[in-house]
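*Asks:* Okay, here's the structure, questions in a sec.
Residue numbers (my numbering), protein chains in the order written: chain A, 473 to 685; chain B, 2 to 292; chain C, 1014 to 1249; chain D, 4 to 243.
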């Protein structure tokens, strides 16, 4: 059995079959085939939900290593593992009331907000430090950024009406076109990468190390 | 001041401690929240387009209200979320909340509390008029399977109660939704576009500022029908529906935050041209003299 | 009357939030570590809860209702967990192969339309009919998309006409970057203001926010001056 | 498209890929770090095995060869996402192979590939913390990074490191274009990865991608021309 599961060719065939069994029914529109294909996709959604456990196992292992090594500040890791287990316990006591909701509003929500909110400060210090009209490209970036900033701020957007048409024009043409160009090139890249994997040309994706090739 | 002794104000403007930026930015954002001023606001065409799609919602329409955001994203687009829900309730639409991030499982409760008065006035009842499904979109496979066989993926609501007997009995696949209103920092929105909107399910999106340039091509190519942009879009929608909320009250701090950024950029450039460039040229001429 | 629970939520929330903000001071501190580990611990617990919830609702409930095929998902899921086992990690290759194949099937069958074909057809717009603004918009979009695309060729040297086109495309890109930077900044400050709103409205919350800010800043500066930061901050 | 990729892989003709300027910046940054006797930090992203992560891993391999040659210490922060755990063993293998090929296998230290959990913001806490402690000469951050890239780039600048980044979606690119000393825009990173790798499949892929971009431009121009003449044949073809 071990040899079968290790066999690289078998793994690539299974992946290709799984690919075809999800890809083709979408275009053929045969009801029975669609039902079976959707069942496979449902199975994959459940299996993928299991992979979260991998990251949690690694987290536990890393935390225990640090605790066992008694490296500096190991008690923070012990505290983290305790909070993890506490959250599991709280959820069993009910998710629409009690300690679970307390933790969500007192800990998770504010910290999640600050985690992303800090980026506003980093962007401000980046702009303050790096937005220099050093060359033509930088000047063009500065001018378009200035116009859009002035429009986005409601006060100037309302009183200096000249900014609005230019800012909406920049947003609906230049940045939309750049977004479209990125979308086109990333889509092509992702498709070609997918084809490479299906053809078995990317073994590392399957967890097969180089010696086994 | 320290700057005066070794190189003057221009040197300070070129090399001042970035923590001044952090402190000033924090104060100009929190200040107006304590002492609101009330700023005027103009409405952009994209917001009007989003509003018009909402106006076409009919009583009894089945709306898939998808939250593709961490709780932090909710801070930015809560104005758009609450204003959209308010319109849906006034239109007597039937709303199903679905979530793609574990932190967002608590948001439907907050949205319902924010529009509780309208829901009570319109006799909204759980199961018949609205359902909260919780975390049903952990990955693309779950989104795709839900699009093709809804009840194959979703069996219970967020508190483990069966969904049989709710208005979701009328949902089989992507064709049965009248509109998808998606609120996103990214997460599964691309999957919903690919597995619902591409097949014809009408869809509108309220996204954070980071995602505007990535979502605009879908709006321009007609795959989605409306795009509400960040907190400012939410404030404009509040203005359009005549119901001020967190969006409009935030616009003061919003304006000052933008102006502080512009001022920092100007200071930086004055310092750059007034000091740093001179130092670079001086170093270059000395280098060529010794070279 | 505000009850004690709500006060505790605001007091703890503002304190932990300011501890997380203390990273802006420029040095790691035990207060930042406290906030960070609180977030990791509770958020990881949350992730476990809701993924188990998904496996239960979509897998177990359907199996108990007679959908036996879904038993494979539990079996393959268990095999996937062996990925971290030093000796039996090869067992996880089968579920990885199935999931990867299905994953590519799902994305390749749709992104070719939403990300390629429909983006090209949306760029084929009228260039000589329509109002002035429409024409201005259409010409700009067409020029930007085509010239920006020429900036991203890698198997030909950037010389001659293609070189000129790529350089022009790069300038157009930097105009777009200025616009996108401003939009991104709008989003980020909206995020901070939304966070601050949750701790300034209603008014009784504001003192907790300001006291936490001053308290955390004072503590970090004191530890910095007393040379305690390095000693008390956990090693990674 | 699959046929084209398969054709190029089978033809054994080594596809020419132009040298991406970003590689010169990377080599200069590692060289300057060695002169200053400072470590190099290189990361490949927080995603699973995606198109962008593989580009980051190819660049990591190149940087590992450079640091092995120059004797600089290389630190590779890993983690940040649920899928990152599956990528980590491959990164270890890449760095170890590079040090072995340069004949300095003894300098390879597994502890310099720390795993900062599957959480995006714990990963940042660890990444920022190690930057603040070791004060690297250069930080090379490519591959599948998301919004944490801005935290890392700004902190990298704070500690005075040469900052080289790449962005996979437009708003990240716009912000990083300002925050970094050098940025590989969009697909420059995968192209750099293919340039460095001896893998014909990766090089063939870049060729096919270029062909499809030429096709996109050609279809747009033909469609625009036809539409201007009142014929929407191209639009109807695309709509089928």
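For each residue, glycine too, the CB sits at the ideal point set by N, CA and C. No experiment lies behind these values; they were computed from the predicted model shown.
Along chain A, which residues have their Cβ under 7 Å away from the Cβ of residue 172 of chain D?
*Replies:* Per Cβ cutoff of 7 Å: 654.
*Asks:* Which residues does DSSP list as the beta-bridge partners of residue 157 of chain B?
*Replies:* DSSP, once it has assigned bridges, lists B:163 as partnering residue 157 of chain B.
*Asks:* Write down the C-beta distance between residue 1127 of chain C and residue 89 of chain B rounded to the nearest angstrom, noting that I regard them as a contact closer than 8 Å.
*Replies:* 26 Å between Cβ atoms; not a contact.
*Asks:* With 9 Å as the C-beta to C-beta threshold (strictly closer), list the residues of the stretch 1186-1209 of chain C near chain B in chain order.
*Replies:* The stretch 1186-1209 of chain C vs chain B, Cβ under 9 Å: 1189, 1192, 1193, 1195, 1196, 1197, 1198, 1199, 1200, 1201, 1202, 1203, 1204, 1205, 1206, 1207, 1208 and 1209.
*Asks:* Are three or more beta carbon pairs between the stretch 538-551 of chain A and the stretch 28-39 of chain B nearer than 8 Å?
*Replies:* Counting Cβ pairs under 8 Å, fewer than three are found: no touch.
*Asks:* Suppose only complete runs of 3+ residues qualify. What are the beta strand (DSSP E) ranges in the stretch 57-138 of chain B, listed by chain order?
*Replies:* Fully enclosed beta strand (DSSP E) runs of 3 or longer: 63-69, 95-100 and 131-136.
*Asks:* Please report whether the beta-carbon of residue 233 of chain B lies at a distance below 8 Å from any beta-carbon of chain A.
*Replies:* So yes, residue 233 of chain B belongs to the interface.
*Asks:* Which residues does DSSP pair with residue 283 of chain D in a beta bridge?
*Replies:* The structure shown has nothing for residue 283 of chain D, since chain D only spans 4 to 243.
*Asks:* Whole angstroms is fine: what's the gap from residue 51 of chain D's alpha carbon to residue 248 of chain B's?
*Replies:* Spanning the two alpha carbons is a distance of roughly 36 Å.
*Asks:* Starting from the beta carbon of residue 1133 of chain C, find every residue of chain D whose beta carbon is closer than 7 Å, and list them in chain order.
*Replies:* Those within 7 Å of residue 1133 of chain C in chain D are 219, 222, 223 and 241.
*Asks:* Which chain A residues are close to residue 1108 of chain C, counting only those with a beta carbon under 7 Å from its beta carbon?
*Replies:* Per Cβ cutoff of 7 Å: 519.
*Asks:* Identify the contact partners of residue 1071 of chain C in chain E, using a Cβ-Cβ distance below 9 Å as the criterion.
*Replies:* This model lacks chain E altogether, as its protein chains are A, B, C and D.
*Asks:* If the cut-off is 8 Å on Cβ atoms, which residues from the stretch 1114-1147 of chain C count as contacting chain B, listed in chain order?
*Replies:* Cβ contacts with chain B: 1115, 1116, 1119, 1120, 1123, 1124, 1126, 1127, 1131, 1132, 1134 and 1135.
*Asks:* Return the CA-CA distance between residue 139 of chain D and residue 28 of chain B, expressed in angstroms with no decimal places.
*Replies:* C-alpha separation (whole angstroms): 33 Å.
*Asks:* Can a CB atom of chain B be found closer than 8 Å to the CB of residue 36 of chain D?
*Replies:* No, residue 36 of chain D does not count as interfacial toward chain B.
*Asks:* If I'm right that residue 111 of chain D touches residue 98 of chain D with Cβ under 8 Å, what's the distance once you round it to whole angstroms?
*Replies:* So it is a contact: roughly 6 Å between Cβ atoms.
*Asks:* Could you name the residues of the same chain whose beta carbon sits closer than 8 Å to that of residue 1158 of chain C, not counting the 5 residues immediately before and after it, in chain order?
*Replies:* 1136, listed in sequence order.
*Asks:* Exposed or buried, what is residue 234 of chain D when buried is set at 16 or more other beta-carbons lying within 10 Å of its beta-carbon?
*Replies:* Answer is exposed; the Cβ neighbour count stays below 16.
*Asks:* Quick one: Cα of residue 42 of chain D to Cα of residue 267 of chain B, how far?
*Replies:* If I take the Cα positions, the gap works out to 35 Å.
*Asks:* Quick one: residues in its chain with C-beta nearer than 6 Å to the C-beta of residue 55 of chain B, no 5 flanking neighbours on either side, listed in chain order?
*Replies:* So the list reads 88, once near-sequence residues are dropped.
*Asks:* Quick check: what's the CA-CA separation for residue 1114 of chain C versus residue 1224 of chain C?
*Replies:* Approximately 54 Å, taken between the alpha carbons.
*Asks:* Hey, how far is the Cα of residue 174 of chain B from the Cα of residue 148 of chain B?
*Replies:* One C-alpha to the other measures close to 5 Å.
*Asks:* Kindly give me the distance between the Cβ atoms of residue 80 of chain D and residue 133 of chain D, rounded to whole angstroms, as I take these residues to be in contact under 8 Å.
*Replies:* Residue 80 of chain D to residue 133 of chain D, Cβ: 7 Å. Contact.
*Asks:* How many whole angstroms separate the CB atoms of residue 1054 of chain C and residue 560 of chain A, which I take to be in contact at a CB cut-off of 8 Å?
*Replies:* So it is not a contact: roughly 11 Å between Cβ atoms.
*Asks:* Tell me the rounded alpha-carbon separation between residue 1100 of chain C and residue 490 of chain A.
*Replies:* Their Cα atoms are separated by approximately 26 Å.
*Asks:* Residue 683 of chain A by DSSP, collapsed to three states: which one?
*Replies:* Here residue 683 of chain A scores only 46 on pLDDT, less than 50, and its place in the model is too uncertain to base an answer on.
*Asks:* What are the start and end residues of the alpha helix (DSSP H) that includes residue 655 of chain A?
*Replies:* Its alpha helix (DSSP H) spans residues 646-670.
*Asks:* Can you give, in chain order, each stretch of the alpha helix (DSSP H) that sits fully within the stretch 91-140 of chain D and has at least 4 residues?
*Replies:* Counting whole runs of 4 or more residues, the stretch 91-140 of chain D contains the alpha helix (DSSP H) stretches 123-137.
*Asks:* What are the start and end residues of the alpha helix (DSSP H) that includes residue 607 of chain A?
*Replies:* No alpha helix (DSSP H) contains residue 607 of chain A, which DSSP labels as neither H nor E.
*Asks:* Quick check: the stretch 100-114 of chain B against the stretch 1033-1050 of chain C, are at least 3 beta-carbon pairs closer than 8 Å?
*Replies:* In short, these stretches do not touch, since the Cβ pair count stays below three.
*Asks:* Which residue or residues does DSSP assign as beta-bridge partners of residue 207 of chain B?
*Replies:* DSSP, once it has assigned bridges, lists B:184 and B:229 as partnering residue 207 of chain B.
*Asks:* Using the beta-carbon of each residue, which ones in chain D are nearer than 8 Å to residue 597 of chain A?
*Replies:* Those within 8 Å of residue 597 of chain A in chain D are 157.
*Asks:* Can you pull the chain D neighbours of residue 650 of chain A, defined as C-beta to C-beta under 8 Å?
*Replies:* What residue 650 of chain A touches in chain D: 173.
*Asks:* With a cut-off of 8 Å on the beta carbons, I'd call residue 1245 of chain C and residue 1236 of chain C a contact; round off their distance for me.
*Replies:* Sure, about 7 Å apart at Cβ, within 8 Å.
*Asks:* Can you list the residues of chain B that residue 1074 of chain C reaches, using a CB-CB cut of under 7 Å?
*Replies:* Simply 156 and 157.
*Asks:* Going by other Cβ atoms of all chains shown within 10 Å of its Cβ, with 16 needed for buried, is residue 140 of chain B buried or exposed?
*Replies:* The residue in question, residue 140 of chain B, is buried, as its Cβ has 16 or more Cβ neighbours within 10 Å.
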